[in-house]
Amino acid sequence: MPIDLTVNGQPQTVDVPPDKPLLWVLREDLGLTGTKFGCGIAQCGSCTVHLNGSPTRACVLPVSAAAGQEVTTVEGVSGDAAMAVRNAWRKLDVVQCGYCQSGQMMSATSLLASNPSPSDEEINRAMRGNVCRCATYVRIRDAIHEAAKELEA
Amino acid sequence: MKKLESLITSADNQRPDPSRRWFLQTSALAGAGFLIGCSEEPAAPTGAETAAPAMPAEPVDAAFNAFLRISSDNTVTVVVKHLDKGQGVTTGLPTIVAEELDAAWDQMRFEFAPANAALYNNTLMGPVQVTGGSSSVSNSWMQLRQAAAGARAMLVQAAAQTWGVAASAVQVSGGMVTSGQNSASFGELAAAAAELTPPEQPELKSPDQFKLIGTRLPRLDSNAKTDGTAQFTIDIDRPGMLMAAIAHPPRFGATVRSVDDAAARAMAGVEDVVQTPRGVAVVADSFWTAVKARDALTIDWDFSASENRGSEELRSYLKELVAGEPGGIARNDGDVEVALGSAARVIEADFEFPFLAHATMEPMNCVVELSETGCEIWTGSQIQTLDQGAVAALTGLAPEQININTVYAGGSFGRRADPDSSFVVEAVMIAQAINGRAPVKLQWTRENDMRAGRYRPISQHRLRAGLNEQGDIVAWHHSMAIQSFLAGTPFAMMLQDGVDATAVEGARGLPYAIPNLKVDQTLAEIGVPGLWWRSVGHTHNGYVTEVFFDELAQAAGKDPVELRRSLLASQPRHLAVLELAAEKAEWGAPVADGKGRGFALHESFGSVVAQVVDVSIGDNGVFSVDRVVCAVDCGIAVNPDVVAAQMEGGIGYGLSAALAEAVTLVDGEVQEGNFDRYLPLRISQMPEVEVHIVPSEADPTGVGEPGLPPLAPALANALAQASGKWIRKLPIGRQLQA
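Sequence lines, in order, name chains W and X.
Start counting the first sequence at 7; every next residue gets the next number (my numbering).
Start counting the second sequence at 56; every next residue gets the next number (my numbering).
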């Protein structure tokens, strides 16, 4: 049965099994491969997207649960917080292998959208669900502070 | 075999540094013909990554050599022969080129080289294209400097001819070639310059002339990795491509007795179910369907020849081995037994290490397009030409018919340097099973990845040391029982006289002046496949040696840094690193109650790293790691920020393993299938990290791995200071809460 949803501001209709996770619909049916598969059980955060603005693990969300909702991925995320995060990520060269970074940036963007000046503890709490095996964590913390500064300016 | 032996011997003679030993033996392997080269002519590389928006016009490229092209649009493309797995090669290698070329950083681009053992081999490892041993920069250093300096000379010559001036009157700076009133960009001169004959001995800069090397240049991969456009294997799409999911044997060495695939085949979207020597695979029109159908298979496995022991049985076995006669002796200075017999005190300690998974963020995967005349592969591999050989052997195609497209790897840490090319071979087997009728992407689930083996091997160590009346260390005996992951692979010749060079590295090279010193090893027969894991033997030996050293210092009533200093008098690099770390961390300043500060120092892959770890610990044994001060001598730091990033990464990866990582088996079955049970470090556990680099004009050495080994022992030493308990078994887990 076709399922309607909005992805990065564009209305989309997909005809897939309703239990197919949003992650695989984004990647396979809509060609948006910036969102990554890491664990499949919402333990690593590589698949983090925004569902109506809130960070959501797309690997465990059946696409049927996203019907009629607004999905935002790394390819389409916009606004001051998203720009500040991207700029800070580049300025501090946060990335190493880069695989988890879409999810990291989506979580960081959500954090800054609701808390424009988070403390280290608040960053740790908000970002705990996003694993980085390259351990870019020091720079992620620094980059979120850097983005907060840009948002303040 | 004679050829092999002579290659090994000559390799050892050339580079006696024991920490480098495994590279050289790898080169012997390559020379022995296990690794197959390919065509003389490189395939046309495609898909250049850009740091700036693509140019609208059709630029024309001029190739100066196998590593360097300059385009009419004035971009310089560096052909990167190494896999990018996050370590920064796509920045470091272009930096070396830009330096000798006198290019501007914003004109630099890169692309990955095709698999070609003749052109793109690792110069430290013979004719094999390998990214490993933290050698990407060190093995490329002179190769790329010469390639770029040669191209620069050709640009100068072309300009001199165009303008009718002497070459000595031409300057190059920031991507511009000038002489008096004349000036031209690289792009304007490239076509003419590339026609000229390269100089045989291009003049290289001296380190004091470097303008880019040693500065913080922005990474060339940051943009693509922050907007979702970076292409990993999982992102590759081909027309008509099918997705494959696989069921591996639940125990290592088990085989399929029978498969009931009726339910799987009945699912919409399932194209095929195929049995391969590596497992049973479902091929479907989507990965989700493939996984659901795989999970609907009923497979009867035959465990008669599999490894059926669990971790507890394996531990008992290793303890028996380490207590028995050693299988081989790796180092034997003086007479340890006599010295121990006459020592005033003998200290003993046993150390245990678990299997560790690499657990890269991107589970292993590979895309294969197979036809009768060729095989096109997309993957992130650390040994492209080994895979090329393996696929050639499997398909009957010639190596030059196997085209390997290297793409970004979502982490590796050694996992993608697989001696039996496991996931590449598996993908090709699936493509063969469907007669190549469609391109196939094999994607492992996290559970596949966690349970497929190729772990850092399990090991058991026994340490004995003798102190004299003055507290001097007069004897040191290190025995270990460990599985060799080289046995039974094409790398088996790296095992010599019962000693696995990769398993004793970091123990054999103990830098301290101790007159009687013995390192021996007994190899265990274990059917769980092992593999190199970020810093390899240094992962356990760095821990054993540096924790035991602190135990001895405590027993002798000496400050552990002072004791190291006194035993490193003839090791200037070690001493300089020690002093820098001690100074920056204020070693010797008082440490408050409930806090601990620990030190460790270790050399690996040509670099020396010291770390000071600060911890806080509560009465309940719960602790946090607050700060790590890291000092490193890695020769010339091509990009100090990338060096710092690699130290941070090594620290985080090492901390993750030390705190909570372990792969355990029960009745031969791996218990940890995902990140709910195999616990990776999270941001809330990551300490502050300071990295200090020892200034150097020596050629660059490794940074990808050397940041890891000192972390765990420095942490254990800090915890011992704070709690009085020595951690002799990793991971630390809840041991201090007992």
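From the three backbone atoms N, C-alpha and C, an ideal C-beta is built for every residue, glycine too.
Keep in mind the model is a prediction, meaning the values are calculated, not measured.
Looking at X/E745, X/Q792, X/E752 and X/A700, the one whose alpha-carbon comes closest to that of X/G143 is X/A700. Within the segment 67-120 of chain W, the runs of alpha helix (DSSP H) that reach at least 4 residues and sit entirely inside it are, in chain order, 86-97 and 107-120. In this structure, DSSP gives X/Y175 a state outside helix and strand, which the three-state scheme calls coil. When the beta-carbon positions are compared, W/G44 and W/C53 come within less than 8 Å of each other. Nearest CB-CB separation between W/A88 and chain X: not below the 8 Å threshold.
With a threshold of 8 Å between beta carbons, W/D99 makes contact with chain X.
Against chain W, a Cβ distance below 7 Å from X/S341 picks out W30 and E34. For the segment 729-762 of chain X, the set of residues with a beta-carbon nearer than 9 Å to any beta-carbon of chain W comprises N729, F730, D731, P735, L736, R737, I738, S739, Q740, M741, P742, E743 and V744, in chain order.
X/S195 has its alpha-carbon roughly 42 Å from the corresponding atom of X/F678. Collapsing the DSSP output to three states places X/R619 in a helix. Any Cβ of chain X closer than 8 Å to the Cβ of W/C53 would place that residue at the interface, and such an atom is absent.
Within the segment 346-432 of chain X, the complete alpha helix (DSSP H) segments at least 4 residues long are 366-378 and 391-397, listed from N- to C-terminus.
According to DSSP, residue pairing for X/N571 in a beta bridge involves X/A530. A distance of 8 Å or more separates the beta carbons of W/A64 and W/L38. With fewer than 16 other CB atoms across the displayed protein chains lying within 10 angstroms of its CB, X/Q792 is exposed. By the rule that beta-carbons nearer than 8 Å mark a contact, X/K140 touches chain W. Nearest C-alpha to W/G15 among W/T79, W/L67 and W/M112: W/T79.
For X/R517, the beta-bridge partners assigned by DSSP are X/D405 and X/S534. X/T557 sits close to X/G592, with the two beta carbons spaced by under 8 Å. The C-beta separation of X/E601 from X/C685 comes to about 14 Å, leaving the pair out of contact by the 8 Å criterion. Under DSSP, X/A472 takes part in no beta bridge, so it has no partner.
Considered as a whole, the segment 188-235 of chain X harbours 191-218 as its complete alpha helix (DSSP H) runs of no fewer than 4 residues, in chain order.
Per DSSP, the unbroken beta strand (DSSP E) holding X/Q330 starts and ends at V325 to T331.
W/I146 has a beta carbon lying within less than 8 Å of a beta carbon in chain X. Of the candidates X/F165, X/V185 and X/P305, the residue whose Cα lies closest to the Cα of X/A172 is X/V185.
Within the same chain, and ignoring the five residues on either side of X/N523 in sequence, the residues whose Cβ sits closer than 8 Å to its Cβ are A398, A399 and V529. DSSP, read as helix, strand or coil, puts X/Y463 in strand. The shortest CA-to-CA distance from X/A715 to any of X/G704, X/G788 and X/G728 is the one to X/G788.
Per DSSP, W/D148 is not a residue of any beta strand (DSSP E); the alpha helix (DSSP H) it occupies stretches across Y143 to E158. Taking 8 Å as the upper bound for CB-CB distance, X/L734 and X/I513 are not in contact here, some 18 Å apart. By the CB criterion at 8 Å, X/R471 and X/G585 fall outside the cutoff. The beta carbon of X/L199 sits closer than 7 Å to the beta carbons of F122, L148, I151 and V152 from its chain, once the five residues preceding and following it are set aside; these are given in chain order.
X/V462 and W/V31 have their C-alpha atoms some 23 Å from each other. Against chain W, the beta carbon of X/I289 has neighbours under 9 Å at R33, T39, K42, F43 and Y105, listed in chain order. Within the segment 497-527 of chain X, contact with chain W at the beta-carbon level (separation under 7 Å) is assigned to T500 and R501. Cβ proximity to chain W below 9 Å picks out Y463, A464, G465, G466, S467 and F468 from the segment 458-484 of chain X.
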